[in-house]
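Numbering (our numbering), first residue to last: 152 to 476.
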């Protein structure tokens, strides 16, 4: 089946070449190679045609690589491969992150890999003792069961230079049965109030714990129901500050990832009456003391900048700006 634009659209009755089940089922349970084979078969496109359509999108990939992916001999792991997979999902007509969500964490490379331990939720916060205390007042057991597929933050900066609101969109995948909430941790500076959690989609607010002296908030973002292993959820919410209480936030915004995320997008939108003189993205891998991989950003015509990180974490990724003197 194709839509008006000629792109294949897939139905839940489509069966993979092995007969193991419907495409819809494979997109939920995996494994990745079988789901990709099913999607390719349902699209009725040859690997050559898929390569051609990806090329029209500016994506360079060999037919051999596509063949390796669907056979399971290789899988997309590098940032450029994950970007190609995002376009491949669109070409095949499967839902966004439908295939990438099946990949799980990157496989270790090299002959010897030292064992690693998972960082605690509070590990990347400057005042981790205050964060740790608040976390005891909510349920965080679901956090380790959720894979980070995609995160999109949009920060609105008011005319006075303060942060008016932060819109968040997350795509999470259940790596085990049972996760039913997301633990939100938020810290601000230079504000006498904490934001309101508003405009929730596919979730509702559970318990909230606040440390008003430290300007830290922890909240449970409850799912409508527990997720089964392999299921994904698209969750949205917004952190809104009341008028007259917009924090400057050290002229920066950063997201902390204790677990890797496949895609992170950060947008910062400035009021046209007060534009920054300079914007820069930066990253701080876990264990490093100073930011690395800095890159200057150019304002668009609407007065905004954005940065993208693929296959990032654990660590901190953010954008900072300077005002005209």
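Where is the CB? At the ideal position from N, CA and C, for every residue including glycine.
- Message: What ranges does the beta strand (DSSP E) occupy inside the segment 262-346, keeping only unbroken runs of at least 3 residues that lie completely in it?
- Response: 297-308, 314-325 and 332-338
- Sorted by chain position, which residues of the same chain lie with C-beta nearer than 7 Å to residue 475's C-beta, five sequence neighbours on each side aside? 428
- Message: Looking at the strands, I want to know which residues DSSP matches up with residue 455.
- Response: 420
- Endpoints, the beta strand (DSSP E) within which residue 363 is located: Note, residue 363: premise wrong, no beta strand (DSSP E); not H, not E.
- Query: Can you give the beta carbon distance from residue 230 to residue 381, rounded, assuming they're within the 8 Å contact cut?
  - Reply: Actually they do not touch by this definition, with Cβ atoms about 24 Å apart.
- Message: List, from N- to C-terminal side, the alpha helix (DSSP H) runs of 4 residues or more that fit wholly inside the segment 222-259.
- Response: 230-243
- Query: Taking the continuous beta strand (DSSP E) assigned at residue 385, which residues delimit it?
  - Reply: 383-391
- Indicate whether residue 537 and residue 372 have their beta-carbon atoms separated by less than 8 Å. This structure does not reach residue 537, given that the chain is present from 152 up to 476, and the question cannot be answered.
- Item | First through last residue of the beta strand (DSSP E) which encompasses residue 406 | 403-408
- Task: Look at residue 325 and residue 250 and say whether their C-beta atoms are less than 8 Å apart.
- Result: no
- Identify the residues that DSSP records as bridge partners of residue 397: which are they? According to DSSP, which records beta bridges pairwise, residue 397 is partnered with nothing at all.
- Task: Starting from residue 178, follow the alpha helix (DSSP H) in both directions and report where the run begins and ends.
- Result: 174-180
- Query: What is the rounded straight-line gap between the Cα of residue 212 and the Cα of residue 233?
  - Reply: 12 Å
- Task: Compare the C-alpha of residue 240 against each of 306, 187 and 276 and name the closest.
- Result: 187
- Have a look at 286, 390 and 300 and flag the residue whose alpha-carbon is nearest the alpha-carbon of residue 361. 286
- Quick one: grab the DSSP three-state call for residue 190. helix
- Task: Starting from the C-beta of residue 210, find all residues in its chain whose C-beta is less than 7 Å away, skip the five residues before and the five after it, and write them out in chain order.
- Result: 235 and 238
- For residue 301, which option in 350, 307, 454 and 385 has the closest C-alpha, if you only look at C-alpha atoms? 385
- Query: Does the separation of the CB atoms of residue 412 and residue 469 fall below 8 Å?
  - Reply: no
- Query: CB residue 355 to CB residue 417, shorter than 8 Å?
  - Reply: no
- Query: How many Å lie between residue 376 and residue 369 at the Cα?
  - Reply: 21 Å
- Task: For the beta strand (DSSP E) holding residue 471, just list the boundary residues, first then last.
- Result: 466-473
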